[in-house]
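Residue numbering for the sequence shown follows UniProt numbering, starting at 1 and increasing by one per position. Okay, so here's the structure we're looking at.
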Amino acid sequence: MPLSLPLGALKRTSALALALALSHTTASASALDSLQTPSPYPLMEYSQPLLTGDYSNAITHPDKVLGFEVGSRVVHPDQVTELLKIWAQESDRIQLVEYARTHEGRPLHVAYISNSNHLSKLDEYKADIAKLAMPKGVNSSEIESIINKLPATAWMAYTIHGNETSGVDSAVAALYHLLADQSAETQALLDNMVVMIDPLMNPDGLARFNRSLQRYRGASPNVDDQSLLHRGDWPAGRTNHYYFDLNRDFFYLTQPETRGRVALINQWYPQLMIDAHEQGSQDTYLMGPPRDPLNFNIAPSVQKWGKVFSLDQGAAYDKRQWRYYTGEWFENWYPGYSNYAQYRGSVHILYEQARIAEDGVARTDGTIRSYKESVHHQYVSTFANLETLAKHSKEMYRDFVKDRQSLMGSSSPIEEKTFAILPQGNITLENQFLQKLQAQGIQVYRMDESKRVRAMKDQTGQMRSGIELPKGTLLVPTRQPEARLISAILEFDAEVKEQVLIEERKRVLKGQNSLMYDTTAWNMTMMYGMPAYEIPKITMDDYPLAELTTAEIDVADGIAWVVDGKSDGALAFAAKLMERGLEVRASNITSKFNGIDLAPGSVMVTGVDNPGRDVQALIKAAATEANVNVSPISSGYGEGDLPEWGGSHFPLLERPRIAILSGPGTSAYDVGATWFAIDSALGIRHSKLDLSSINRADLRRYNTIVVPTAWGKVLSKDQLSVLEGWVKAGGTLITQGRASQALAGAEWTDATTLDKVFEKPEKYDTAVYREWLAQYTKPNLEAVLSYAIEPTPLWDREVKYADKDALKHKDSIQSRFMPSGAFVNGRIDPDHWLGFGLPSTVPLLIKKQPVLTASAKADNVARIGVMEAKDPAKAIAGEWEVKGWTSVPKDAKTLVRASGLLWPEARERLLNSSYLIREQVGKGQVILFSGEPNFRGATLGTRRMFLNALVYGPGMGTRLTVPL
Numbered sequence: 001m002p003l004s005l006p007l008g009a010l011k012r013t014s015a016l017a018l019a020l021a022l023s024h025t026t027a028s029a030s031a032l033d034s035l036q037t038p039s040p041y042p043l044m045e046y047s048q049p050l051l052t053g054d055y056s057n058a059i060t061h062p063d064k065v066l067g068f069e070v071g072s073r074v075v076h077p078d079q080v081t082e083l084l085k086i087w088a089q090e091s092d093r094i095q096l097v098e099y100a101r102t103h104e105g106r107p108l109h110v111a112y113i114s115n116s117n118h119l120s121k122l123d124e125y126k127a128d129i130a131k132l133a134m135p136k137g138v139n140s141s142e143i144e145s146i147i148n149k150l151p152a153t154a155w156m157a158y159t160i161h162g163n164e165t166s167g168v169d170s171a172v173a174a175l176y177h178l179l180a181d182q183s184a185e186t187q188a189l190l191d192n193m194v195v196m197i198d199p200l201m202n203p204d205g206l207a208r209f210n211r212s213l214q215r216y217r218g219a220s221p222n223v224d225d226q227s228l229l230h231r232g233d234w235p236a237g238r239t240n241h242y243y244f245d246l247n248r249d250f251f252y253l254t255q256p257e258t259r260g261r262v263a264l265i266n267q268w269y270p271q272l273m274i275d276a277h278e279q280g281s282q283d284t285y286l287m288g289p290p291r292d293p294l295n296f297n298i299a300p301s302v303q304k305w306g307k308v309f310s311l312d313q314g315a316a317y318d319k320r321q322w323r324y325y326t327g328e329w330f331e332n333w334y335p336g337y338s339n340y341a342q343y344r345g346s347v348h349i350l351y352e353q354a355r356i357a358e359d360g361v362a363r364t365d366g367t368i369r370s371y372k373e374s375v376h377h378q379y380v381s382t383f384a385n386l387e388t389l390a391k392h393s394k395e396m397y398r399d400f401v402k403d404r405q406s407l408m409g410s411s412s413p414i415e416e417k418t419f420a421i422l423p424q425g426n427i428t429l430e431n432q433f434l435q436k437l438q439a440q441g442i443q444v445y446r447m448d449e450s451k452r453v454r455a456m457k458d459q460t461g462q463m464r465s466g467i468e469l470p471k472g473t474l475l476v477p478t479r480q481p482e483a484r485l486i487s488a489i490l491e492f493d494a495e496v497k498e499q500v501l502i503e504e505r506k507r508v509l510k511g512q513n514s515l516m517y518d519t520t521a522w523n524m525t526m527m528y529g530m531p532a533y534e535i536p537k538i539t540m541d542d543y544p545l546a547e548l549t550t551a552e553i554d555v556a557d558g559i560a561w562v563v564d565g566k567s568d569g570a571l572a573f574a575a576k577l578m579e580r581g582l583e584v585r586a587s588n589i590t591s592k593f594n595g596i597d598l599a600p601g602s603v604m605v606t607g608v609d610n611p612g613r614d615v616q617a618l619i620k621a622a623a624t625e626a627n628v629n630v631s632p633i634s635s636g637y638g639e640g641d642l643p644e645w646g647g648s649h650f651p652l653l654e655r656p657r658i659a660i661l662s663g664p665g666t667s668a669y670d671v672g673a674t675w676f677a678i679d680s681a682l683g684i685r686h687s688k689l690d691l692s693s694i695n696r697a698d699l700r701r702y703n704t705i706v707v708p709t710a711w712g713k714v715l716s717k718d719q720l721s722v723l724e725g726w727v728k729a730g731g732t733l734i735t736q737g738r739a740s741q742a743l744a745g746a747e748w749t750d751a752t753t754l755d756k757v758f759e760k761p762e763k764y765d766t767a768v769y770r771e772w773l774a775q776y777t778k779p780n781l782e783a784v785l786s787y788a789i790e791p792t793p794l795w796d797r798e799v800k801y802a803d804k805d806a807l808k809h810k811d812s813i814q815s816r817f818m819p820s821g822a823f824v825n826g827r828i829d830p831d832h833w834l835g836f837g838l839p840s841t842v843p844l845l846i847k848k849q850p851v852l853t854a855s856a857k858a859d860n861v862a863r864i865g866v867m868e869a870k871d872p873a874k875a876i877a878g879e880w881e882v883k884g885w886t887s888v889p890k891d892a893k894t895l896v897r898a899s900g901l902l903w904p905e906a907r908e909r910l911l912n913s914s915y916l917i918r919e920q921v922g923k924g925q926v927i928l929f930s931g932e933p934n935f936r937g938a939t940l941g942t943r944r945m946f947l948n949a950l951v952y953g954p955g956m957g958t959r960l961t962v963p964l
């Protein structure tokens, strides 16, 4: 149900400034009860008019709806919607389309602005543009004919971050000008162009920020950019309902705002896309083009035209003596910003206006920058870019077609290769991956038979030969029209210039800001935890296009019904049934019944556990929602040596009763990603608790508490004490990032941070050694059966660690090199329930996060680094060498980096550290993630670990009380 307020109420609240002004002069019982008249503030005056056209009286002026001068105050999302609907009724220059709804039920609109003739031909134009985008089989004369008749196309998008408001206010002004201005210049622009205005990309965030402005507004203007009026409060208005940064979601497509927007952008291939943002209040104005690192998959012609637009935009600012800059902090490596449109051939331009919020901001030079001026800057940029597009549209179309033709030819600028994604039996994950690619116009094929491939590269960067790709493997070739996008989002390692790396290393050593503005690794197969290879070109004519897999749900009579644990959907299935009152079991080992192979983590629902319930109907409903295969079994007798259904290998699960700690002191991003993971992957009830309330909250209501990461310190000594008592009584405590760092410092857990390891490195390195032995060594049976005392060379390693001070000094240097976001190779304990449903090696996204480990008292479920050796057992039995606090076999390669910028210093620091630790504490347990397992809603590999913790954890990891 929509959460937005009725429009009448919004009009009343948006009139707060007027009410405050009236309160200075309205008679009252006592003058002491009235607000004082604010002092004049002439420095806030901005005399330059925003709207200067010859406007038709037939088009409603925005001021009449807003109740204030457009650009002088921040609009509310409902006011934007109201204006769009009014104008759609009044003007033949607009066609209004709702392209999505937010989580809170607010509409997202694109307004097509042009003359009535163009607006009547939008579908025709889209079809023509599709021919240019996929020009194979279209002759040159038809291409030229299409170009000559097509109008220019521009997608003008504003305020993707809800607290960066000058964009949406400039969009309102620009819309009115284009619709109402009667000048020859505006008419000529519309005669030759279709302008698509996306005035408000994040209405939920803007609504939140608008409420914050109302809450913190006083009687007098506020020009202090440190104040709550300007900064807002937790979680601020930047993000959407689930606290997602929508400007990182363009190819992950996790949010409805993004999915709707990308679907339209991908139909139009707009020649120009602008994205209006704001930056620090003391800054000026940034515009394109960006500086290095640039993504190598962006077409040179796109970069060429970006410079042309920038020069014209700069000239428009020079004319008004407005200061601006390009480049500096603005790089263009990560492809998930709105610059996503570049990989489809658009010229993308970023606007970054100094953020004012409202009133104005006092600047270090002694001036006041008014909000109205900030809106004016965005407005001028909008029309400067449209004018440039009008001049160069035909040339841009020709460059676009030329590049698209080259991508399909033998001399394509994108290397010809195919990404092969191996089937894992996880139809939930596979469908999600396939849906995301298909939504972006990417052709994906499925192998209907196995095929041996001579040479390929795996996700650890190693070349392999003679690997057989099994039936069901997904194939994504780069030889298709969207080659640039495919390469950008699927290539295992994004290229970067050597000079960029030299400069970056210099900055790290000097303690300066990184050149990298975002993560340096992002490819979708690693994000999803899907094993994949890069292989040479392969003929796709042999294989069909891939289709989504529909579950086979069989609820015929049986003594039990089973769902294979390989699929992420098994967790949703189990969680939903428990919430609906059924008893559910899960296997902790491989099993097989009636010829059905079941992986560890498989779910079983029995009739005997659920007497008097319509089990089959409930199973069918939950399986349909989760899209999982269900099979009945008629016998609980395990096949071969595999277990029966009545032993210890099918424990009852406990319904998760979840609380997420939230609010100031936690990272809104991680809170939102955690919240979204539960809502999107499980769909079960849970609560968000304010972090500050846990000392007085009744935590007995919950059996699972999640503590997300934070920007700074999280969990005080008192809070940790409260959680200790709750855990020891049987609770499951899950911590992430800095929250895990705080927990690792508590006396009641064995997990620890790296700085504490240096006291006794052998204690923690021995735990690593034991794990390697358990995985790879084979006992010497002759020695085992001997009656004599035999030497045990495996425990007689000669490993000498540096002293504590040397280790600390080395770490103080290495810690500077921690990544801003890179993939490392994670090795998973295949026998632990937290690792169920995962391959043995999973890419882990590592940022500037704590480095954790634990002794053998705890379960180190996921560690960093995988071994590459011809004979692992022999390598382990051989010599070892020390790497910091830990050691590795000399006769093996230990592979740490998988993708992104990870300096050698950081690799050694991270080697053998733990990403995921589970430890029994009293009757309960603690589960520590060193990072953020649900990052951006897209790290679905590590999300599986998190969902395992939620669904399996209370039943498999705690000591349950027997009900009497």
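Built from N, CA and C at the ideal position, the CB exists for glycine as well.
Worksheet item: Nearest to Y351 by alpha carbon, out of F400, Y176, Y158, S281?
Response: When each option's Cα is compared against that of Y351, the closest is Y158.
Item to complete: Find the nearest neighbour of residue 965 within the set W833, E881, Y371, judged by alpha-carbon distance.
Response: Only positions 1 to 964 of the chain appear in this structure, which leaves residue 965 out of reach.
Worksheet item: Tell me, which residues are paired with Y252 by DSSP?
Response: DSSP, once it has assigned bridges, lists no residue as partnering Y252.
Worksheet item: If you count every other CB in all the chains shown that lies within 10 Å of the CB of I94, and 16 or more means buried, which is it?
Response: By the 10 Å Cβ count, I94 comes out buried.
Fill in: A21 in three-state terms, based on DSSP
The pLDDT assigned to A21 is 46, lower than 50, so where the model puts this residue is not dependable; a value taken from the coordinates is nonetheless given after this. In the structure shown, A21 adopts helical secondary structure according to DSSP, grouped into three states.
Discussion item. At 3 residues or longer, what runs of the beta strand (DSSP E) sit wholly inside the stretch 456–480?
Written reply: Fully enclosed beta strand (DSSP E) runs of 3 or longer: 463–469, 474–477.
Worksheet item: Expressed to the nearest angstrom, what Euclidean distance is found between the alpha-carbon atoms of H230 and G218?
Response: Taking the straight line joining both Cα atoms gives about 12 Å.
Discussion item. Using only the alpha-carbon positions, how far apart do D614 and S338 sit?
Written reply: CA-to-CA, the gap between D614 and S338 works out to about 49 Å.
Practice prompt. For N57, name the three-state secondary structure that DSSP assigns.
Written response: In the three-state scheme derived from DSSP, where H, G and I count as helix and E and B as strand, N57 is classed as coil.
Fill in: Residue of G712, R863, T766 minimising C-alpha distance to A742
It is G712.
Worksheet item: Who are the Cβ neighbours of A681 in its own chain at under 8 Å, not counting the five residues just before and after it?
Response: Sequence-distant Cβ neighbours of A681 in its own chain, meaning closer than 8 Å and more than five residues away, are D568, L571, A572, R943, L947.
Fill in: At least 3 beta-carbon pairs within less than 8 Å: the stretch 151–165 vs the stretch 235–243
Flag = yes, the stretch 151–165 and the stretch 235–243 touch.
Practice prompt. Would you mind reading off the limits of the alpha helix (DSSP H) that contains A390?
Written response: From DSSP, the alpha helix (DSSP H) with A390 extends over 371–408.
Worksheet item: Around the C-beta of A949, are 16 or more other C-beta atoms found within 10 angstroms, so that it is buried, or is it exposed?
Response: Per the 10 Å Cβ criterion, buried.
Worksheet item: Which whole-angstrom value is the C-beta distance of R936 and R261, which I expect to be below 8 Å?
Response: Rounded, the Cβ-Cβ distance is 17 Å, inconsistent with contact.
Item to complete: Measure the C-alpha to C-alpha separation of G837 and G601 and round it to an integer number of angstroms.
Response: Using only the alpha carbons, I get a separation of about 7 Å.
Item to complete: Return the residue from the list G640, E639, V707 that minimises the CA-CA distance to V671.
Response: The residue with the shortest Cα to Cα distance from V671 is V707.
Practice prompt. Reducing DSSP to helix, strand and coil, say where N860 ends up.
Written response: Collapsing the DSSP output to three states places N860 in a strand.
Fill in: Contact set for L490: own chain, Cβ-Cβ below 7 Å, skip 5 residues either direction
Around L490: F419, V476, N523, M524, T525.
Worksheet item: Should the stretch 575–583 be regarded as contacting the stretch 530–539, the criterion being three or more beta carbon pairs within less than 8 Å?
Response: Segments in contact, no.
Worksheet item: Hey, which unbroken runs of the alpha helix (DSSP H) at 4 residues or more fall wholly within the stretch 804–833?
Response: Listed in chain order, the complete alpha helix (DSSP H) runs (minimum 4 residues) inside the stretch 804–833 are 804–814.
Practice prompt. Give every residue of the same chain whose Cβ lies closer than 6 Å to the Cβ of S631, excluding the five residues on either side of it in the sequence, and list them in chain order.
Written response: Closer than 6 Å at the Cβ level, and outside the excluded window around S631, lie D554, V562, I596.
Worksheet item: How far does the beta strand (DSSP E) with Q95 in it reach, from first residue to last?
Response: First-last of the beta strand (DSSP E) with Q95: 94–101.
Item to complete: Please go through the same chain and pick out, in chain order, the residues whose beta-carbon is closer than 8 Å to the beta-carbon of K307, but skip the five residues on each side of it.
Response: P289, listed in sequence order.
Fill in: Range of the contiguous beta strand (DSSP E) that encloses F433
It is not in any beta strand (DSSP E) - F433 instead sits in the alpha helix (DSSP H) that spans 427–438.
Worksheet item: Where does Y445 land, buried or exposed, given buried means 16+ other C-beta within 10 angstroms?
Response: So Y445 ends up on the buried side.
Practice prompt. Can you tell me which of the three DSSP states V671 falls into?
Written response: Three-state result, V671: helix.
Item to complete: Pull up the distance between the alpha-carbon of E358 and that of L83, whole angstroms please.
Response: Each residue's CA atom was taken as its position, placing E358 and L83 some 21 Å apart.
Worksheet item: Between the C-alpha atoms of T478 and L179, what's the straight-line distance to the nearest angstrom?
Response: T478 and L179: Cα-Cα distance of roughly 43 Å.
Worksheet item: Considering only the beta carbon of each residue, do G327 and A299 sit closer than 9 Å?
Response: Taking 9 Å as the Cβ cut-off, G327 and A299 do not qualify as a contacting pair.
Discussion item. At the level of alpha carbons, what is the spacing between Y769 and R797?
Written reply: A direct Cα-Cα distance of roughly 10 Å separates Y769 from R797.
Practice prompt. Per DSSP, which residues does V866 bridge with? Please list them.
Written response: Answer is L895, bridged to V866.
Discussion item. For chain C, check one thing: does any of its Cβ atoms lie closer than 9 Å to the Cβ of F573?
Written reply: Of the protein chains in this structure there is only one, and it is not chain C.
Worksheet entry | Nearest-angstrom Cα separation, counted from H686 out to L960 | In this structure, the alpha-carbon of L960 lies about 21 Å from that of H686.
Discussion item. Restricting to runs no shorter than 4 residues, where is the alpha helix (DSSP H) found entirely within the stretch 663–742?
Written reply: DSSP runs (the alpha helix (DSSP H)) wholly in the stretch 663–742: 668–681, 717–728.
Worksheet item: Thinking just about the alpha-carbon of each residue, which of A439, P135, F817 is nearest to the one in F251?
Response: Checking every option, the nearest Cα to that of F251 belongs to A439.
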